[in-house]
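Chains as they are written, first to last, in my numbering: chain A, 242 to 355; chain B, 819 to 933.
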């Protein structure tokens with residue numbers, strides 16, 4: 242158990258819908274990351290937050306948005322869902338968000354878009 | 819641009835045999851390198867990481883990795899594999915200026931262990 246929690250574990254929805262994935266970082270960690278794991282794209286970095294502010298952006302679609310709240314939990318919002326958005330979405334957290342930090346990964350949320 | 823290549827998609831070894839998983843990276847500066855393991859239905863767990871210093875890095879579960887700058891490689895090794903090591907292994911490169919730390923992952927190597 243990494244100490245990072247993600248809810249829900251599974252999510253099944255239809256194309257065109259909007260969903261919210263939630264992540265609670267490890268106690269004491271200030272930085273949160275989101276990754277997408279799909280069969281065709283592999284593991285891809287989406288976005289990083291540090292203490293409520295966006296720090297780095299990767300291959301995140303405009304239909305996707307994220308935020309980190311004052312209590313440090315984070316939410317990833319996915320809208321206008323397409324079949325290709327079906328994937329495992331991981332949240333990770335680290336202490337400072339710096340390049341030598343260890344990122345601790347949550348168990349993931351499996352999203353299925355029908 | 820940063821990239822990571824794991825040439826072997828699947829590897830099968832017998833229990834007790836030695837293991838080497840290959841990883842090659844492309845990165846302009848000194849890379850920060852990581853190996854993660856993902857068991858079925860689980861998140862990723864860090865096995866070991868390299869930033870600087872001794873090029874042979876020891877990790878958890880008896881794994882080690884060697885950084886070879888001349889070959890742009892960071893191969894993972896284990897002298898004797900256990901059935902519980904069956905999982906998917908990911909090499910990643912990270913780091914960057916400005917204090918961020920996005921990891922670029924390889925495609926992964928799926929390890930099967932025969933009894």
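Each residue gets a CB set at the ideal place from its N, CA and C atoms; glycine is no exception. Quantities reported herein were computed from a predicted structural model and do not represent experimental measurements.
Below-7 Å beta-carbon distance, residue i vs any chain A residue
{"i": "residue 923/B", "result": "yes"}
{"i": "residue 850/B", "result": "yes"}
{"i": "residue 920/B", "result": "yes"}
{"i": "residue 869/B", "result": "yes"}
Bridge partner(s) assigned by DSSP for residue i
{"i": "residue 910/B", "result": "852/B and 923/B"}
{"i": "residue 294/A", "result": "291/A"}
{"i": "residue 886/B", "result": "891/B"}
{"i": "residue 930/B", "result": "830/B"}
{"i": "residue 881/B", "result": "According to DSSP, residue 881/B bridges with nothing at all."}
{"i": "residue 308/A", "result": "316/A"}
{"i": "residue 275/A", "result": "288/A and 332/A"}
Separation of residue j from residue i, as counted between CA atoms
{"i": "residue 351/A", "j": "residue 324/A", "result": "13 Å"}
{"i": "residue 890/B", "j": "residue 839/B", "result": "14 Å"}
{"i": "residue 822/B", "j": "residue 910/B", "result": "7 Å"}
{"i": "residue 314/A", "j": "residue 265/A", "result": "5 Å"}
{"i": "residue 442/A", "j": "residue 842/B", "result": "Because residue 442/A is not part of the residues shown, which for chain A are 242 to 355, the question remains open."}
{"i": "residue 826/B", "j": "residue 847/B", "result": "25 Å"}
{"i": "residue 291/A", "j": "residue 303/A", "result": "20 Å"}
{"i": "residue 342/A", "j": "residue 919/B", "result": "8 Å"}
{"i": "residue 895/B", "j": "residue 296/A", "result": "34 Å"}
{"i": "residue 844/B", "j": "residue 316/A", "result": "32 Å"}
{"i": "residue 922/B", "j": "residue 275/A", "result": "12 Å"}
{"i": "residue 931/B", "j": "residue 905/B", "result": "9 Å"}
{"i": "residue 908/B", "j": "residue 283/A", "result": "10 Å"}
{"i": "residue 888/B", "j": "residue 873/B", "result": "12 Å"}
{"i": "residue 286/A", "j": "residue 326/A", "result": "14 Å"}
{"i": "residue 301/A", "j": "residue 903/B", "result": "32 Å"}
Coarse secondary structure for residue i, derived from DSSP in three states
{"i": "residue 265/A", "result": "strand"}
{"i": "residue 299/A", "result": "coil"}
{"i": "residue 243/A", "result": "coil"}
{"i": "residue 844/B", "result": "strand"}
{"i": "residue 352/A", "result": "strand"}
{"i": "residue 821/B", "result": "strand"}
{"i": "residue 324/A", "result": "helix"}
Partner residues on chain B for residue i, Cβ-Cβ distance less than 8 Å
{"i": "residue 293/A", "result": "Neighbours of residue 293/A on chain B: none; closest Cβ ~15 Å, over 8 Å."}
{"i": "residue 349/A", "result": "861"}
{"i": "residue 243/A", "result": "861 and 863"}
Neighbouring residues, chain B, relative to residue i (Cβ below 7 Å)
{"i": "residue 346/A", "result": "861 and 862"}
{"i": "residue 315/A", "result": "Those within 7 Å of residue 315/A in chain B number zero; the least Cβ separation is about 15 Å."}
C-beta neighbour in chain B for residue i, strict 7 Å
{"i": "residue 340/A", "result": "yes"}
{"i": "residue 246/A", "result": "no"}
{"i": "residue 343/A", "result": "yes"}
8 Å Cβ cut-off: residues of chain A touching residue i
{"i": "residue 908/B", "result": "284"}
{"i": "residue 926/B", "result": "283 and 284"}
Proximal residues of chain B, C-beta to C-beta of residue i below 9 Å
{"i": "residue 331/A", "result": "861 and 862"}
{"i": "residue 277/A", "result": "In chain order: nothing, as chain B lies at least about 11 Å away."}
Contact set between residue i and chain A, taken where Cβ atoms lie within less than 9 Å
{"i": "residue 877/B", "result": "Chain A residues near residue 877/B: none, gap ~11 Å exceeds 9 Å."}
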